[in-house]
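Numbering (the working numbering), first residue to last: 114 to 552. Notes for the one structure printed next.
Below, the structure written as structure tokens:
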């Protein structure tokens, strides 16, 4: 294994672990803000208890998310120095805005929120959590904007052998960025919604703190439903953007080999990349791919056979990750529909409660499957059409060096993840019993 492969593997493992924590942080901040607002408006102390209980889980998740995220930035200097040198003016500027602006605001407001109980008025304390929520989404905005620039680079020029920023507004209004931001934040709401619904359902099955967890579940169901609608709509728009600017990714994620219009969509397949065809194909819908990608039944879709082999992304990984993400998405639609049908009697519906418990990990899997598709489908480019991944690695980097850091980081981050989820599980099992008694 060479340094390039190991560097790519390391930058696959570390973001994967980091992104186990990011969506829950984004989604929980919104729900806690809603709970605190309900407390400030009604004076009902049950909402205060809810905000404190879910807030502790938020803090555990946020803390580990910071630690796992710091590792990512160091890799740009260690393993990807050519990338940093070539596009640092653009990529670094976007990350600097995120770090010095929104992350600073988020961290400061979290400190105020932690120590502000019984010191700030309920309305002021709720406002602080809304600022945390806004700052969290703001951080996501700039990070996703930077990633979207790698998917569809705009607003730059090549000068003196480097990419230089020329139009920040073009980068911010990049359609790839806008739809990626909406899609990711909506998916984060779903992760948090199913997390809260699943934990609440587990307690409701034991008839533990029924009013507390029924309210939590209902708030999560509403937030999750809004997230689901936004996720499906933005996913459709993002798919259209991929079809427009990344035809190789579209062809790979659909395992589509022959250029044709109308182009069918195949629900189940297994690609044979050496033979440039699908070894297995099941359940094809005529014209489905043309209609979904271009909103035109007869629109031709470029096949992988018409794309040079050295410019094709890995087909099997792209296809499977997309199908896994989509399948989980439709399963979440079904479960949430059942939850709405039993909205008023949710505490007395064991089947729905058990489904909600079992579904806790699925949104996490869907989110990371989506990111696998996003990053693997961009290959062999690190900046689409501008710089190849192979050209971005640090010159002279030895496999032994990367292998050592890969092992160390994987072990440390895995241990942190186990500790984090252990603390979260412990707090979830104890429930709100450790909070102050109801006023």
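Virtual Cβ for every residue (Gly too), placed ideally from N, Cα, C. It should be emphasised that the depicted structure is a prediction, and the values quoted were computed from it without experimental measurement.
1. For residue 288, which residues of its own chain have a beta-carbon under 7 Å away from its beta-carbon, when the five flanking residues on both sides are left out?
2. Return the chain-ordered list of same chain residues with a C-beta closer than 8 Å to the C-beta of residue 317, the five sequence neighbours on each side being excluded.
3. Using alpha carbons as the reference points, say which of 245, 426, 232 lies closest to residue 222.
4. Rounded to whole angstroms, what's the CA-CA distance from residue 151 to residue 457? Just pull it up for me.
5. Less than 8 Å between the beta carbons of residue 64 and residue 449, yes or no?
6. Looking at the C-beta of residue 500, does it have a partner C-beta in chain B at a distance below 8 Å?
7. Nearest to residue 522 by CA position, among 132, 127, 334, is which residue?
8. What's the C-alpha gap between residue 410 and residue 261?
9. With a threshold of 16 other CB atoms inside 10 Å of the CB of residue 114, please say whether the residue is buried or exposed.
10. Can you tell me the Cα-Cα spacing of residue 470 and residue 138, whole angstroms?
11. Could you please give the first and the last residue of the uninterrupted beta strand (DSSP E) stretch that includes residue 277?
12. Indicate whether residue 555 and residue 387 have their beta-carbon atoms separated by less than 8 Å.
13. So residue 375 packs on residue 400, CB below 8 Å; how close in whole Å?
14. In this structure, how does DSSP classify residue 551 when only helix, strand and coil are distinguished?
15. Measuring only the C-alpha atoms, how far is residue 237 from residue 224?
16. Under DSSP, the beta strand (DSSP E) around residue 186 begins and ends at which residues?
17. Just curious, the beta strand (DSSP E) that residue 495 is in, first and last residue?
18. Straight-line CA distance for residue 493 to residue 264?
19. Look up residue 113 in the DSSP assignment and say whether it is helix, strand or coil.
20. Just reading off the beta strand (DSSP E) that residue 384 is part of, what are its end residues?
21. Between the alpha carbons of residue 395 and residue 384, how many angstroms are there, rounded?
22. Specify the secondary structure class of residue 149 as computed by DSSP and reduced to three states.
23. Report all residues from its chain with a CB closer than 6 Å to the CB of residue 234; omit the five preceding and five following residues, and keep chain order.
24. With DSSP as the reference, label residue 415 as helix, strand or coil.
25. Evaluate the contact criterion for the stretch 500-513 versus the stretch 193-201: three or more CB pairs, one atom per stretch, below 8 Å.
26. Within its chain, find whatever has a CB closer than 6 Å to the CB of residue 248; leave out the 5 residues flanking it on each side and keep chain order.
27. Would you report the Cα separation of residue 242 and residue 230, rounded to the nearest angstrom?
With the structure as the only source:
1. 354
2. 323, 326, 327, 330, 459, 460, 466
3. 245
4. 19 Å
5. A question about residue 64 goes unanswered here, because the residues of the chain that appear run from 114 up to 552.
6. This model lacks chain B altogether, as it is built from one protein chain only.
7. 127
8. Approximately 28 Å between the Cα atoms of the pair.
9. exposed
10. 19 Å
11. 275-278
12. This structure gives no information on residue 555, because the portion of the chain shown stretches from 114 to 552.
13. 3 Å
14. Low confidence applies to residue 551: its pLDDT is 44, below 50, so where it sits in the model is not reliable enough to give any reading.
15. 14 Å
16. Unbroken run through residue 186 is the alpha helix (DSSP H), 158-191; no beta strand (DSSP E).
17. First-last of the beta strand (DSSP E) with residue 495: 494-496.
18. 12 Å
19. No statement about residue 113 is possible, as the shown extent of the chain runs from 114 to 552 and does not include it.
20. 378-385
21. 12 Å
22. helix
23. none
24. Coil.
25. yes
26. 215, 218, 219
27. Rounded to whole angstroms, residue 242 and residue 230 show a C-alpha spacing of 12 Å.
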